[in-house]
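Just so you know, the working numbering puts the end of the sequence shown at 298, numbered straight through with nothing missing.
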Amino acid sequence: MFSYRHAFHAGNHADVLKHTTLLAILRHMVQKDTAFTVFDTHAGAGLYRLDGDYAQTSGEANVGYLRLIEKIAAGAPTPSLALQDYLDMVASFNTAGQHKVYPGSPFIIQRLLRERDKLKLFEIHPTDAKTLSANIAQLEVGRQVAVLREDGFEGIKKFLPPPSRRALVLCDPSYEIKSDYERVAEMVADALVRFATGTYAIWYPIIPRPEAHQLPSKLKTLATKAGKPWLHATLTVKSSKLTTNDAGDVVRPGLPASGMFVINPPHTLKSSLKEALKQASQALAQGQHNAFEVESGG
Ligand code: SAM
Numbered sequence: 001m002f003s004y005r006h007a008f009h010a011g012n013h014a015d016v017l018k019h020t021t022l023l024a025i026l027r028h029m030v031q032k033d034t035a036f037t038v039f040d041t042h043a044g045a046g047l048y049r050l051d052g053d054y055a056q057t058s059g060e061a062n063v064g065y066l067r068l069i070e071k072i073a074a075g076a077p078t079p080s081l082a083l084q085d086y087l088d089m090v091a092s093f094n095t096a097g098q099h100k101v102y103p104g105s106p107f108i109i110q111r112l113l114r115e116r117d118k119l120k121l122f123e124i125h126p127t128d129a130k131t132l133s134a135n136i137a138q139l140e141v142g143r144q145v146a147v148l149r150e151d152g153f154e155g156i157k158k159f160l161p162p163p164s165r166r167a168l169v170l171c172d173p174s175y176e177i178k179s180d181y182e183r184v185a186e187m188v189a190d191a192l193v194r195f196a197t198g199t200y201a202i203w204y205p206i207i208p209r210p211e212a213h214q215l216p217s218k219l220k221t222l223a224t225k226a227g228k229p230w231l232h233a234t235l236t237v238k239s240s241k242l243t244t245n246d247a248g249d250v251v252r253p254g255l256p257a258s259g260m261f262v263i264n265p266p267h268t269l270k271s272s273l274k275e276a277l278k279q280a281s282q283a284l285a286q287g288q289h290n291a292f293e294v295e296s297g298g
């Protein structure tokens, strides 16, 4: 039923947006002493090879994270603090100068946890859940990190509100089934009733599909109705138009852009992302259609 494997996409431009945002949120959260819990409703396998078959087949990291470090090594741009933080985080999983491993959200989050913080990872794909459990076991962090092989949309309900009353929920579905868009909105609506002060970070693809187009508006409405502030960041690297190749075949552009919608964002997030995404959109541009936007409200 589930054919999506994040190993094909690890380190692509969507991961650059998502993981830069995730890290910036977490950096802000660790500034307060009170313990928090992070929920990753769609965790993936945790660690990926950039030199392995999956990444090589798709080539997505080559025009994502790997292109970013190439451009920066060549002197342009000088990364902003948030972008540098993201690059340093990925580099810390690799031997100096090598770029073979790409950390998924579970490993980026785990690096930021203090002893008192907790991480709950949901992953429903049997193979990825097994790989994730094995990867997490190697950290030897005991009960601090839990891997739950269950539906993240449903599973999160029993944990909200968390005892510490501080939490971040990262919701990063593959959207391979159309109903994922609706389920995201339902999950956020339910979560805001259970735990209105949590921070919710939702990734979504910007593709010509009504459900994808409507999702950020729905999330904005939910945040506004709950009286909570929100931030919406998008990163575009290429045109969404269909093209034709030399043989005259129609070529689909692949994912041209994606967005992160954050409810109850840290007040520092907007300025951090503005700088970081401006640089990322320039470095990752494929043609003239690169763009970024960071808006906020509430
Ligand atoms: N968050 C990860 C990261 O940033 O490294 C990537 C996650 S990937 C985009 C989405 C994952 O969600 C896939 O591994 C897929 O198997 C899993 N998945 C799909 N539907 C799910 C569900 N209902 N509950 C939990 N996991 C699900």
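Even for Gly, the Cβ is constructed at its ideal location relative to N, Cα and C.
Straight-line gap, residue i to residue j (C-alpha atoms, nearest Å)
i, j, result
"residue 231", "residue 247", "43 Å"
"residue 78", "residue 72", "7 Å"
"residue 258", "residue 203", "7 Å"
"residue 168", "residue 245", "44 Å"
"residue 144", "residue 164", "14 Å"
"residue 289", "residue 59", "20 Å"
"residue 14", "residue 235", "8 Å"
"residue 181", "residue 35", "31 Å"
"residue 56", "residue 98", "16 Å"
"residue 149", "residue 75", "43 Å"
"residue 45", "residue 155", "18 Å"
"residue 249", "residue 54", "25 Å"
"residue 191", "residue 158", "10 Å"
"residue 115", "residue 121", "17 Å"
"residue 189", "residue 95", "43 Å"
"residue 176", "residue 68", "27 Å"
"residue 162", "residue 70", "41 Å"
"residue 287", "residue 33", "45 Å"
N- and C-terminal bounds of the alpha helix (DSSP H) containing residue i
i, result
"residue 13", "13-29"
"residue 178", "It is not in any alpha helix (DSSP H) - residue 178 carries neither H nor E in the DSSP assignment."
"residue 222", "210-225"
"residue 77", "It is not in any alpha helix (DSSP H) - residue 77 carries neither H nor E in the DSSP assignment."
"residue 54", "53-58"
"residue 127", "126-137"
"residue 284", "Residue 284 -> no alpha helix (DSSP H), and no H or E assigned at all."
"residue 39", "That residue, residue 39, is in no alpha helix (DSSP H); its beta strand (DSSP E) goes 37-40."
"residue 8", "Segment: none, residue 8 is in no alpha helix (DSSP H) and carries neither H nor E."
Residue from the options whose Cα sits closest to the Cα of residue i
i, options, result
"residue 260", "25, 131, 49", "25"
"residue 50", "263, 84, 23, 7", "7"
"residue 298", "4, 255, 219, 53", "219"
"residue 224", "255, 106, 262", "262"
"residue 279", "5, 4, 17", "17"
"residue 283", "272, 243, 238", "238"
"residue 285", "130, 205, 256, 264", "256"
"residue 214", "184, 87, 5, 142", "184"
"residue 127", "68, 70, 43", "43"
"residue 299", "132, 139, 206, 147", "Shown here, the chain extends from 1 to 298; a query on residue 299 therefore has no answer."
"residue 129", "138, 147, 141, 142", "147"
"residue 241", "186, 277, 206", "206"
Terminal residues of the beta strand (DSSP E) in which residue i lies
i, result
"residue 118", "118-122"
"residue 292", "291-297"
"residue 103", "101-103"
"residue 259", "257-263"
"residue 195", "Per DSSP, residue 195 belongs to no beta strand (DSSP E) and is neither H nor E."
"residue 233", "230-236"
Contacting residues, own chain, Cβ-Cβ under 7 Å from residue i (five flanking each side not counted)
i, result
"residue 102", "10, 11, 48, 50, 61, 65, 90"
"residue 178", "211"
"residue 274", "294"
"residue 80", "275, 276, 279"
Cut-off 6 Å between Cβ atoms - residues of its own chain near residue i, not counting five sequence neighbours on either side
i, result
"residue 196", "226"
"residue 38", "109, 119, 168"
"residue 160", "191, 194, 195"
Cβ-Cβ separation, residue j to residue i (assumed contact under 8 Å), whole Å
i, j, result
"residue 294", "residue 233", "5 Å"
"residue 136", "residue 19", "About 18 Å; that fails the 8 Å criterion."
"residue 105", "residue 151", "In fact, because the Cβ distance is near 17 Å, the residues do not count as touching under 8 Å."
"residue 124", "residue 292", "Rounded, the Cβ-Cβ distance is 31 Å, inconsistent with contact."
The ligand FMN heavy atom lying under 7 Å from the CB of residue i
i, result
"residue 208", "Among the ligands present in this structure, namely the ligand SAM, the ligand FMN is not found."
Residues near residue i by beta carbon distance below 8 Å, same chain, minus five either side
i, result
"residue 23", "82, 85, 86, 89, 108, 112"
"residue 199", "25, 29, 167, 168, 169, 262, 263, 264, 265, 266"
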